[in-house]
Amino acid sequence: MYNKLVSLACVCLFTLSLLIVTVNAKDLKLETFNAKDIEAVNDFGVKLYNKLYDSKNNVFISPVSVYFALSMLSNGATSNTQNQLLSSLYKGKTVSNLNTLNKNLQSYITSNRPNTIINIANSIWIRDTFFKSVNSKFLSTNKNYYNAMIQGLDFSNDKASLAINSWVNDNTNGLIKQVVDNKEISSDIMMYLLNAVYFKADWQIPFNKANTEKSDFTSPKGKIQVDMMNTQKFFNYYESNLFQMVSLPYKDGKTSMLVILPKGDLNSVKSSISAKNISQWIKYLKSNEVILSLPKVNAEYKQGLKTALSSLGMSDMFNISKANFKNISNEKLYVSGATHSTVLKIDELGTEAASVTSIEMSLTAMPIDTPKVMNVNKPFFLIIYDNSTGLILFEGSVTNPQ
0 MYNKLVSLAC VCLFTLSLLI VTVNAKDLKL ETFNAKDIEA VNDFGVKLYN KLYDSKNNVF
60 ISPVSVYFAL SMLSNGATSN TQNQLLSSLY KGKTVSNLNT LNKNLQSYIT SNRPNTIINI
120 ANSIWIRDTF FKSVNSKFLS TNKNYYNAMI QGLDFSNDKA SLAINSWVND NTNGLIKQVV
180 DNKEISSDIM MYLLNAVYFK ADWQIPFNKA NTEKSDFTSP KGKIQVDMMN TQKFFNYYES
240 NLFQMVSLPY KDGKTSMLVI LPKGDLNSVK SSISAKNISQ WIKYLKSNEV ILSLPKVNAE
300 YKQGLKTALS SLGMSDMFNI SKANFKNISN EKLYVSGATH STVLKIDELG TEAASVTSIE
360 MSLTAMPIDT PKVMNVNKPF FLIIYDNSTG LILFEGSVTN PQ
């Protein structure tokens with residue numbers, strides 16, 4: 000039906016959203032997930048972060064956002080393309096295993112968190128003339144396991160991009176306004192697949208705004224003035240010969256932010272950043288009085304993922320001749336591009352974050368008992384995680400808070 004290059008865009012957004020998952024969260028217990036489930040997701044996220052790491056610039060990603068998007072995509076892949084996706088996401092598991100895990104994770108992490116918003120949404124936008132070419136099982140599976148909204152649109156009409164971007168804007172609370180240009184969508188694009196998540200939480204122990212003051216922050220480009228929040232409280236704390244680490248709990252009592260301050264530069268700790276080590280470090284945390292100075296953050300990040308994902312073992316999906324997405328359509332699809340964008344805001348009251356992952360596809364023929372001083376006045380690592388499972392929701396490094 001299509002003799003020229005046709006493009007299928009898969010977009011994953013880490014945004015504000017309203018996903019009503021079909022699994023009853025009250026029926027889900029912590030025992031639903033074993034350690035290997037969480038380790039697989041975290042391991043993927045940390046490996047992706049390490050591929051994107053840049054000691055001179057902010058890097059901030061949502062591992063679960065990219066994970067859910069690629070998992071949705073895996074439902075459309077076959078042969079070696081699917082094998083590469085599964086091997087990178089959760090080696091030894093089937094697509095069905097992955098769908099069940101993700102459905103349960105989405106339900107668990109979005110439920111019963113007073114004073115915290117963690118919402119997830121998914122949608123699939125299809126060019127109206129291509130709709131009949133899409134495998135119904137691919138659509139129904141993503142609808143059943145990811146509650147994906149499925150919508151056909153006339154992509155030749157300018158209003159199509161406005162409709163998609165309106166969904167993006169609504170589901171990010173205005174933090175991310177668009178994923179496609181507000182004009183006629185290119186004729187080679189057949190589909191957009193979007194996964195959206197949004198995070199907003201208040202600190203369990205807010206910072207007093209009266210104690211915030213201008214202070215020096217040593218960025219890779221020199222000293223800059225930032226708004227530094229200051230407090231002296233009991234936090235869970237750990238210190239090694241490489242870094243200081245403090246866990247700041249959110250008001251829900253179920254989610255926390257881990258701040259890791261290297262004693263040297265970022266590079267001195269980066270090689271130690273792994274899912275296994277992070278899990279172990281969290282176990283080392285103990286209550287200690289901490290004199291903490293933490294910069295307010297208002298930062299954005301955007302980076303292409305094609306190179307990183309290929310180096311993680313998912314190269315075939317980017318290759319015109321090797322990609323196999325027959326479970327989406329009999330047409331020859333391949334992933335022609337992937338990007339990830341995020342917004343991070345940290346202030347005296349709490350944290351707000353949003354992220355967009357865009358995947359574009361084309362068709363072709365120790366004991367501590369004394370107060371510790373932790374002055375985060377230079378580049379640092381941070382991780383937002385679920386306390387009970389250890390699932391990493393966000394991770395990154397901040398070289399310039401503002």
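Residues in the sequence shown are numbered consecutively from 0, following numbering that gives the first Met the number 0. Ideal placement from N, C-alpha and C gives every residue a C-beta, glycine not left out.
Item: Other residues of its chain near Asp226: CB distance less than 6 angstroms, five sequence neighbours each side excluded; Value: Thr211, Lys295
Item: Enclosing beta strand (DSSP E) for Leu214 [first to last residue]; Value: For the sequence presented, residue 214 should be read as Ser rather than Leu. 212-218 is the span of the beta strand (DSSP E), which, as asked, contains Ser214.
Item: Rounded C-alpha distance that separates Thr109 from Leu392; Value: 11 angstroms
Item: Leu97, DSSP secondary structure in three states; Value: helix
Item: Length of the line joining the Cα atoms of Asn326 and Ala76; Value: 6 angstroms
Item: Alpha-carbon to alpha-carbon, Asn74 and Thr21; Value: Caution applies to Thr21, whose pLDDT of 26 falls short of 50 and renders its modelled position unreliable; the value that the coordinates give is listed next. Taking the straight line joining both Cα atoms gives about 19 angstroms.
Item: Nearest neighbour of Glu330, chosen from Ser132, Ile204, Ile175 [CA to CA]; Value: Ser132
Item: DSSP three-state assignment for Ala76, whether helix, strand or coil; Value: coil
Item: Residue interval of the alpha helix (DSSP H) (run including Phe234); Value: Run containing Phe234: none in the alpha helix (DSSP H); it sits in the beta strand (DSSP E), 221-238.
Item: Beta-carbon spacing of Ile345, Pro400 below 9 angstroms; Value: yes
Item: 9 angstroms Cβ cutoff met for Ala200 and Thr115; Value: yes
Item: Tyr48 - containing alpha helix (DSSP H), residue span; Value: 34-51
Item: Beta-bridge partners of Lys126, as assigned by DSSP; Value: Looking at the sequence shown, residue 126 is not Lys but Arg. Leu152, per the DSSP bridge assignment.
Item: Same chain only: Cβ atoms within 7 angstroms of Leu308, ignoring 5 sequence neighbours per side; Value: Ala337
Item: Residue nearest to Asn266 in terms of C-alpha spacing, selected from His339, Met189, Pro378; Value: Pro378
Item: Pick from Lys301, Lys275, Asn287 that is closest to Phe233, judged by C-alpha positions; Value: Asn287
Item: Three-state secondary structure (DSSP) of Ala62; Value: The question names Ala, but residue 62 in the sequence shown is Pro. If DSSP states are grouped into helix, strand and coil, Pro62 belongs with the helices.
Item: Nearest-angstrom Cβ-Cβ length linking Tyr145 and Asn101, presumed shorter than 8 angstroms; Value: 7 angstroms
Item: Beta-carbon proximity of Met71 to Asn194, cut-off 9 angstroms; Value: yes
Item: Three-way DSSP call (helix, strand, coil) for Gln177 in this model; Value: coil
Item: Reference Asn118, options Asn170, Val245, Tyr236, Ser335, closest by Cα; Value: Asn170
Item: Test item: CB-CB of Gln83 and Ile123 under 9 angstroms; Value: no
Item: C-beta atoms of Thr388 and Phe32 nearer than 9 angstroms; Value: yes
Item: Element boundaries [beta strand (DSSP E), containing Leu308]; Value: Looking at the DSSP string, Leu308 is not in any beta strand (DSSP E); the run it does join, the alpha helix (DSSP H), is 305-310.
Item: As assigned by DSSP and simplified to three states, the class of Met189; Value: strand
Item: Same chain, Cβ closer than 7 angstroms to Asp315, five either side skipped, listed in chain order; Value: Asn79, Thr80, Gln83, Lys321, Ala322
Item: Buried versus exposed, by CB contacts within 10 Å (16 or more), Gln243; Value: buried
Item: Minimum C-alpha distance to Ser335 - residue among Val342, Phe317, Gly349, Thr341; Value: Phe317
Item: Exposure of Tyr89, with buried meaning 16 or more beta-carbon neighbours within 10 Å; Value: buried
Item: CA nearest to the CA of Met190, picked from Ala159, Val196, Ala209, Lys220; Value: Ala159
Item: C-beta contact flag for Asn141 and Asn121 at 9 angstroms; Value: yes
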